[in-house]
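Okay, so here's the structure we're looking at.
Number of protein chains: 2
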Amino acid sequence: MDNKEISQAVISRLPRYFRYLGELKNEGIERISSQELSDIMKVTASQIRQDFNNFGGFGQQGYGYKVEYLYEEIGRILGLDKTHNLIIIGAGNLGQALANYMNFERRGFLFQGIFDNNPKLFGTRIRNMVVRPMEEMESFIKENKIDIAVLTIPKASALAVAERLVKCGIKGIWNFAHVDLNVPDKIQVENVHLSDSLMKLIYNVNSVDDEWE
Amino acid sequence: MDNKEISQAVISRLPRYFRYLGELKNEGIERISSQELSDIMKVTASQIRQDFNNFGGFGQQGYGYKVEYLYEEIGRILGLDKTHNLIIIGAGNLGQALANYMNFERRGFLFQGIFDNNPKLFGTRIRNMVVRPMEEMESFIKENKIDIAVLTIPKASALAVAERLVKCGIKGIWNFAHVDLNVPDKIQVENVHLSDSLMKLIYNVNSVDDEWE
């Protein structure tokens with residue numbers, strides 16, 4: 208199976224399928240048709256079938272999908288059957304919030320270290336980590352087989368840090384800095400631009416206002 | 208201009224245009240062609256022109272766009288020329304991180320209150336707010352003309368809180384709870400599902416791994 212052929216739009220939808228299937232599994236539901244899944248997820252049944260066909264279909268038409276099997280297959284496709292080592296760059300409120308988010312660990316996302324450039328924070332304990340100075344970042348990444356860096360630093364320093372991360376062979380960057388990173392194509396970047404998301408919400412709220420006036 | 212006709216995909220791109228134009232403006236750049244904007248934003252010039260045509264075009268073909276004018280127009284379209292009153296539901300790490308994010312205020316997003324159901328937190332000061340009990344939420348929303356609620360609570364309580372928010376006339380919900388809310392269409396919801404975003408990153412990192420093996 209050549210993953211490269213699968214569009215980012217499909218991949219973006221996989222975690223949501225995974226989440227709904229996890230809930231169905233917890234409710235003890237064994238089988239579900241694409242139509243039933245469509246009703247609860249509010250996407251069309253044809254979209255669901257098309258998405259699943261990217262991965263071989265997962266089930267027989269007319270018999271519905273086996274919930275647990277589908278849950279595990281999608282988890283496997285997402286790579287949740289492996290563990291990944293992460294570091295957080297930036298020990299501010301957001302970095303701390305992510306460090307303390309228990310569910311990540313359950314999915315195999317292991318936060319191994321947290322870094323900051325504020326000397327006042329060095330040695331502070333956040334969950335099971337101590338805040339380390341940025342100078343130690345490169346050696347830490349190599350020694351601890353870190354795959355992924357989470358950037359929760361201001362945009363002014365994000366580009367320079369991203370460059371350092373690329374040089375020491377990081378594979379993915381989860382970017383919360385409010386800037387688009389300029390990294391080689393083989394480095395995967397997933398942006399969470401919180402301001403952009405809030406602006407979109409505000410736009411939609413204003414549009415409804417206009418409509419009702 | 209009928210905003211309803213504009214697709215969510217276009218609207219999703221507006222904050223990014225706004226961000227780049229703000230940077231160009233800060234650098235003192237007065238005019239930019241769609242081709243130059245295309246180069247720095249890494250989207251096609253034709254996409255840029257198509258997006259802008261949704262709002263009347265903003266400039267004359269061949270002369271380029273006036274940066275400051277375009278910045279201000281997109282800001283106006285996004286509703287950033289108005290202020291909005293927000294509350295945060297959930298005074299945990301993430302709620303605190305958002306409360307302390309200074310840039311939101313600069314954009315007219317004013318956090319007026321923060322709520323939690325943990326009595327130990329009541330009265331704690333977070334920035335310029337004190338943590339209030341959930342019982343006070345409805346009256347606070349009415350008295351302070353709150354438009355938007357930010358949900359940073361676990362998914363188990365998110366659905367019930369969303370229902371209460373709908374009943375007291377909230378217009379938009381910025382949802383960080385790891386669940387899709389079931390609210391009437393006229394309530395705008397913008398989801399930030401952090402786990403989904405991280406899973407997508409992991410998938411892409413794994414795919415590149417496969418490719419290079």
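Just so you know, the protein sequences line up as chains B and D, in that order.
FYI, in my numbering the residues of the first sequence are 208 to 420.
FYI, in my numbering the residues of the second sequence are 208 to 420.
Cβ atoms here follow ideal geometry from the backbone N, Cα and C, with glycine treated the same way.
Every value quoted in this text rests on a predicted model; they were computed, and no experiment measured them.
The beta carbon of B:L372 sits no closer than 8 Å to any beta carbon of chain D.
Across the structure, D:L244 and D:V357 are spaced so that their CA atoms are roughly 33 Å apart.
B:V399 has its alpha-carbon roughly 20 Å from the corresponding atom of D:G282. For the segment 300-323 of chain B, the set of positions with a beta-carbon nearer than 9 Å to some beta-carbon of chain D reads N300, L301, G302, Q303, A304, L305, A306, N307, Y308, N310, F311, R314, G315 and F316 in chain order.
In the structure shown, D:A384 adopts coil according to DSSP, grouped into three states. Assignment of beta-bridge partners to B:I333 by DSSP yields B:M336. Shown in chain order are the members of the segment 401-415 of chain D whose Cβ falls below 8 Å from a Cβ of chain B: L401, S402, D403, S404, L405, M406, K407, L408, I409, Y410, N411, V412, N413, S414 and V415.
In the three-state reduction of the DSSP assignment, D:R223 falls in the helix class. The straight-line gap separating the alpha-carbon atoms of D:I333 and D:Q303 is approximately 7 Å. D:Q395 has a beta carbon lying within less than 8 Å of a beta carbon in chain B. A distance below 7 Å between beta-carbons, with the five flanking residues on each side excluded, links B:L372 to the following residues of its chain, in chain order: A356 and I380. If you ignore the 5 residues before and after B:V368, its C-beta comes within less than 7 Å of the C-beta of I296, L358 and I360, all in its own chain and listed in chain order. For B:R223, a Cβ of chain D is located within less than 8 Å of the residue's own Cβ.
As computed with DSSP, B:D323 is found in a beta bridge with B:P340.
In the assembly as shown, B:E280 is a buried residue. Its beta-carbon has 16 or more other beta-carbons within 10 Å.
Per DSSP, the continuous alpha helix (DSSP H) segment holding B:N310 begins and ends at M309 to R313.
Counting every other CB atom within 10 Å of its CB across the protein chains shown gives D:D258 a total of 16 or more, marking it as buried. Of the residues assessed, B:R314 falls on the buried side of the cut-off, its CB having 16 or more other CB atoms within 10 angstroms. Proximity of D:L388 to chain B, defined by a Cβ-Cβ separation below 8 Å, is not satisfied. Cα atoms of D:E237 and B:E230: separation of roughly 53 Å, rounded to the nearest angstrom. D354 and I355: these are the residues of the segment 351-366 of chain D whose beta carbon lies less than 8 Å from some beta carbon of chain B, given in chain order.
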